[in-house]
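Engineer: Structure incoming, see below.
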Amino acid sequence: MLAQQRQAVIAERVRSHGAVRVAELVEEFGVSDMTIRRDLETLADRGLVSKVHGGATAVDIGSTDEPGFAAKSVRQKEAKEAIAAAAAKLVTPGQAIALSGGTTTWTLAHHLVGVAGLTVVTNSVPVADVFYRSGRGDQTVILTGGIRTPSDALVGPFAVASLKSINVDTLFLGVHGVNATAGFTTPNLMESETDKALIAAARKLVVVADSTKWEIVGIRTIACPDDADVLVTDAGLPEEARAALREAVGQLIIAGEDNR
Numbered sequence: 000m001l002a003q004q005r006q007a008v009i010a011e012r013v014r015s016h017g018a019v020r021v022a023e024l025v026e027e028f029g030v031s032d033m034t035i036r037r038d039l040e041t042l043a044d045r046g047l048v049s050k051v052h053g054g055a056t057a058v059d060i061g062s063t064d065e066p067g068f069a070a071k072s073v074r075q076k077e078a079k080e081a082i083a084a085a086a087a088k089l090v091t092p093g094q095a096i097a098l099s100g101g102t103t104t105w106t107l108a109h110h111l112v113g114v115a116g117l118t119v120v121t122n123s124v125p126v127a128d129v130f131y132r133s134g135r136g137d138q139t140v141i142l143t144g145g146i147r148t149p150s151d152a153l154v155g156p157f158a159v160a161s162l163k164s165i166n167v168d169t170l171f172l173g174v175h176g177v178n179a180t181a182g183f184t185t186p187n188l189m190e191s192e193t194d195k196a197l198i199a200a201a202r203k204l205v206v207v208a209d210s211t212k213w214e215i216v217g218i219r220t221i222a223c224p225d226d227a228d229v230l231v232t233d234a235g236l237p238e239e240a241r242a243a244l245r246e247a248v249g250q251l252i253i254a255g256e257d258n259r
């Protein structure tokens, strides 16, 4: 078993059981104590577990907890890069697209600055800044107004009103959590209304979410799983989650894998 696969199993075990012990994992996987400790260190660095003496426990993520943009931007960087590269292939020159707030959509923006003739609607200050700094004269960027959240998204009544008369081909939506029952969720009530307005403005919904978002449930549902035409995630998503999401979303794309 590859280290990434083993770590995905360990992370899922912690989510379902609340805690794991190093000794039990050593026996189960048939690897050294040091290997398991490195696995737990990696998972802790990714924010998936909390290391304790002799093992690890689940990270307590509340339904209204919302980390700031800077804190989120250093998490799961490799996964977000892979997701962004895969999602960028869904964009063609001349399209009108929307990008919601979030560090995955911000990463995607860097992959889209080279696409000619784009019109980009966003409620994310960092996303708008990426396109602004690219200096392309053939791209149009529309930034909604609104109240700024900890994740540097603009939300609230002004943002919603500005989106009501806009129509785009595709929305790329970043989310706080993904759950088979609760759907795609956010910890910010006002952001949920703005995200719903973005969804209403788009003919196609593409959700971009790394595998650590699985089974995290924010206080408000933005959309149901079957509302998503495409969900782009990474190879760390557990097999049972893949099966559930393939049944629910229009298309599941695992970045870096053959999705034919």
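Each residue of the sequence shown is one higher than the one before, starting from 0 at the first, in numbering that gives the first Met the number 0. Every residue gets a Cβ at the ideal spot worked out from N, C-alpha and C, and that includes glycine.
1. Please classify arginine 20 as buried or exposed, where buried requires at least 16 neighbouring CB atoms within 10 angstroms.
2. Just curious, the beta strand (DSSP E) that isoleucine 215 is in, first and last residue?
3. I'd like the span of the beta strand (DSSP E) that includes valine 30, first residue to last.
4. Assuming alanine 260 contacts threonine 103 under a Cβ cut-off of 8 Å, what Cβ separation, rounded to an integer in Å, is found between them?
5. Could you tell me which residues DSSP pairs with phenylalanine 157 in its beta bridges?
6. Do the region 113-131 and the region 231-243 meet, that is, are 3 or more Cβ pairs less than 8 Å apart?
7. Would you identify the three-state DSSP class for aspartate 168, choosing helix, strand or coil?
8. Within a Cβ cutoff of 7 Å, which residues of the same chain sit near histidine 110, ignoring the five residues on either side of it in sequence?
9. On the DSSP letters alone, give me the boundaries of the alpha helix (DSSP H) that arginine 132 sits inside.
10. When burial is assigned at 16 or more other CB atoms within 10 Å of the CB, is threonine 169 buried or exposed?
11. Closest by CA to valine 216, which one among Asn178, Asp38, Phe130?
12. Across the region 90-98 and the region 152-167, are there enough close Cβ pairs to call them in contact, namely three or more that are closer than 8 Å?
13. Suppose contacts are defined by Cβ-Cβ distances below 8 Å. Is alanine 57 in contact with alanine 18 by that definition?
Structural biologist: In terms of the structure at hand:
1. exposed
2. Counting along the chain, isoleucine 215 falls outside any beta strand (DSSP E), and DSSP gives it neither H nor E.
3. It is not in any beta strand (DSSP E) - valine 30 carries neither H nor E in the DSSP assignment.
4. Any question about residue 260 goes unanswered here, given that the chain covers just 0 to 259.
5. Answer by DSSP bridge pairing: none, since phenylalanine 157 is not bridged.
6. no
7. strand
8. Ala83, Ala84, Ala87
9. 124-133
10. buried
11. Asn178
12. yes
13. yes
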